[in-house]
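Novice: I have a structure here, written as C-alpha cells, and I will follow up with some questions on it.
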C-alpha cells in the first residue's frame with residue numbers, strides 16, 4: 001500500500017513520513033518544491049500545491065490513504081479548494097484521509113463530511129516545537145525567556161505524537177468520522193516549562209514576564225502584523241479550556257503514552273545551548 005503525505009516538508013509532515021516508513025509502508029510525499037524536499041531515501045517525492053488543485057495531477061493515483069493539511073502557502077491561509085480536492089481523492093480511489101488542522105472546520109472538512117471517504121480530523125493543541133521557534137534565540141544569547149502570561153497553562157503536544165497518531169489512523173483505520181484533540185500528558189505553566197528546559201540544558205534560564213504592552217512592542221519589532229499580535233495576546237492571555245485540558249487520545253490511538261515536555265526538552269537541548 002502507498003500513503004501520500006501532504007505538507008511533507010513541514011514540522012509534522014516530515015514525522016508522518018518517518019512514522020509510515022518505520023511501519024514498513026510505501027510513502028509518496030507532496031511538496032511545492034521537490035528539489036529542496038530532503039526526505040529519506042525510498043520516499044517518492046512529487047510536486048504539487050493543495051492551494052492549486054490543478055497541480056495535483058496524478059499525486060493521488062494508487063494511494064490508499066492521504067494525510068492532508070487544511071491550510072495552503074507560507075501564510076497558513078485556510079485551504080479554499082476542499083470540494084475539488086475531495087473529488088480528486090474519491091476519483092483516484094483513496095480510501096482513508098487524516099487532516100491536520102485547527103478547531104474550526106473549513107471547506108475541506110465540510111467536503112469530507114459529505115463524502116464517502118473514511119476521514120479523521122486531528123486537532124493538536126499547542127506544539128511543543130513552538131518553544132524552539134519562540135525561545136531558542138533568547139535562551140542561547142541572553143539566557144532568558146521574555147514573554148507575557150507566565151502563569152498560562154498549556155497541554156502542549158509533542159509533534160512526534162501528532163505524527164504517530166496520523167500514521168496509525170492511516171494504516172489501521174477504524175477512526176472514521178472522528179475528531180481527535182491531541183495533547184501531551186500534562187498541563188504546564190510557562191514558568192514550569194522554563195524550569196524543565198533549564199534542567200535539560202543544564203543551566204538556569206531567567207524569565208522576564210512582559211506586560212501586554214511590552215509584548216506588543218516586542219512582537220512588532222519582530223515584524224509581526226497587528227492582526228497576528230492581537231491573535232497572540234488573545235490566545236496566550238485567554239487560552240481556551242481545550243488548550244490546557246489533558247486528554248488520553250495519543251495513548252488510546254498509538255498504544256503508548258504521550259511524550260512529556262521534559263522529554264522534548266532533552267531531545268532538543270542542543271538548539272538552546
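Numbering (the UniProt record's numbering), first residue to last: 1 to 273.
The beta carbon of each residue, even a glycine, is placed where N, CA and C say it ideally should be.
(1) Can you find the residues in the same chain that come closer than 7 Å, C-beta to C-beta, to residue 280, ignoring five residues on each side of it along the sequence?
(2) Spell out the partners DSSP gives residue 33 in its beta bridges.
(3) Quick one, which of 139, 183 and 115 has its alpha-carbon nearest residue 125's?
(4) On the premise that residue 246 lies in contact with residue 155, defined as a C-beta separation below 8 Å, what is that separation, rounded to the nearest angstrom?
(5) Residue range of the beta strand (DSSP E) that residue 145 falls in?
(6) In whole angstroms, what is the alpha-carbon distance linking residue 58 and residue 48?
(7) Check whether the Cβ atoms of residue 147 and residue 127 lie closer than 7 Å to each other.
(8) What's the call for residue 137, buried or exposed, on a 16-neighbour Cβ count within 10 Å?
(9) Per the contact definition of three or more C-beta pairs closer than 8 Å, is the region 220-238 in contact with the region 164-181?
(10) Of all the alpha helix (DSSP H) runs that stay within the bounds of the region 153-226, which reach a length of 4 or more residues?
(11) In whole angstroms, what separates the C-alpha of residue 212 from that of residue 244?
(12) Beta-carbon separation of residue 86 and residue 2 under 7 Å?
(13) Quick one, which of 175, 109, 202 and 167 has its alpha-carbon nearest residue 143's?
(14) State yes or no: is the C-beta of residue 70 within less than 7 Å of the C-beta of residue 56?
(15) For the alpha helix (DSSP H) containing residue 267, list its first residue and its last residue.
(16) Straight-line CA distance for residue 95 to residue 9?
(17) Which of helix, strand or coil does DSSP assign to residue 65?
(18) For residue 5, which residues does DSSP report across the bridge?
(19) Under the three-state reduction of DSSP, which class applies to residue 251: helix, strand or coil?
(20) Using DSSP with H/G/I as helix, E/B as strand and the rest coil, what is residue 96?
(21) Between the Cα of residue 192 and those of 218, 185, 179 and 152, spot the shortest distance and give me the residue it belongs to.
(22) Can you say whether residue 227 is buried or exposed, counting buried as having 16 or more other CB atoms within 10 angstroms of its CB?
(23) Figure out for me which residue from 102, 131, 82 and 140 has the closest Cα to the Cα of residue 112.
Specialist: Reading from the atomic positions:
(1) A query on residue 280 cannot be resolved here, the shown segment of the chain reaching from 1 to 273 and no further.
(2) Position 33 of the chain shown, counted from the first residue, corresponds to residue 33. Residue pairing by DSSP leaves residue 33 without any beta bridge partner.
(3) By 1-based counting over the chain shown, the position of residue 125 is 125. Selected option, being the one with the closest Cα: 183.
(4) Position 155 of the chain shown, counted from the first residue, corresponds to residue 155. Position 246 of the chain shown, counted from the first residue, corresponds to residue 246. 5 Å between Cβ atoms; contact.
(5) As a position in the chain shown, residue 145 is number 145, starting the count at 1. Start and end: 144-148.
(6) By one-based count along the chain shown, residue 58 stands at place 58. By one-based count along the chain shown, residue 48 stands at place 48. Computed Cα separation, rounded: 10 Å.
(7) The residue you call residue 147 lines up with position 147 of the chain shown. The residue you call residue 127 lines up with position 127 of the chain shown. Contact: no.
(8) Stepping through the chain shown from its first residue, residue 137 is reached at position 137. By the beta-carbon neighbour count (other beta carbons within 10 angstroms, threshold 16), residue 137 is exposed.
(9) Not touching, per the Cβ criterion.
(10) Within the region 153-226, the runs of alpha helix (DSSP H) at least 4 residues long that lie entirely inside it are, in chain order, 159-172, 190-201 and 212-221.
(11) Residue 212 sits at position 212 when you count from the first residue of the chain shown. Residue 244 sits at position 244 when you count from the first residue of the chain shown. The straight-line gap from Cα to Cα measures roughly 21 Å.
(12) Here residue 86 refers to the residue found at position 86 of the chain shown. Here residue 2 refers to the residue found at position 2 of the chain shown. In this structure, residue 2 does not lie closer than 7 Å to residue 86 by Cβ.
(13) Here residue 143 refers to the residue found at position 143 of the chain shown. The closest CA to that of residue 143, considering only 175, 109, 202 and 167, is found on 202.
(14) Here residue 70 is taken as the residue at index 70 of the chain shown, counted from 1. Here residue 56 is taken as the residue at index 56 of the chain shown, counted from 1. The answer is no: Cβ separation not under 7 Å.
(15) Within the chain shown, residue 267 is the residue found at index 267, counting from 1. Counting along the chain, the alpha helix (DSSP H) containing residue 267 begins and ends at 261-267.
(16) On the chain shown, position 95 is the one that residue 95 refers to. On the chain shown, position 9 is the one that residue 9 refers to. Distance between the alpha carbons of residue 95 and residue 9 is about 23 Å.
(17) Looking up residue 65 in the chain shown gives position 65. Residue 65 falls in the strand class under three-state DSSP.
(18) For the purposes of this step, residue 5 is taken as the residue at position 5 of the chain shown. Residue pairing by DSSP places residue 5 opposite 29 and 67 in a beta bridge.
(19) The residue given as residue 251 occupies position 251 in the chain shown. Correct three-state label for residue 251: helix.
(20) Sequence index remark: in the chain shown, residue 96 carries index 96 (1-based). Strand at residue 96.
(21) Taking the first residue of the chain shown as 1, we reach residue 192 at position 192. Cα-wise, what sits closest to residue 192 is 152.
(22) If you number the chain shown from 1, residue 227 lands on position 227. Here residue 227 is exposed, its C-beta having fewer than 16 other C-beta atoms within 10 Å.
(23) Taking the first residue of the chain shown as position 1, residue 112 is located at position 112. The shortest Cα separation from residue 112 among 102, 131, 82 and 140 belongs to 82.
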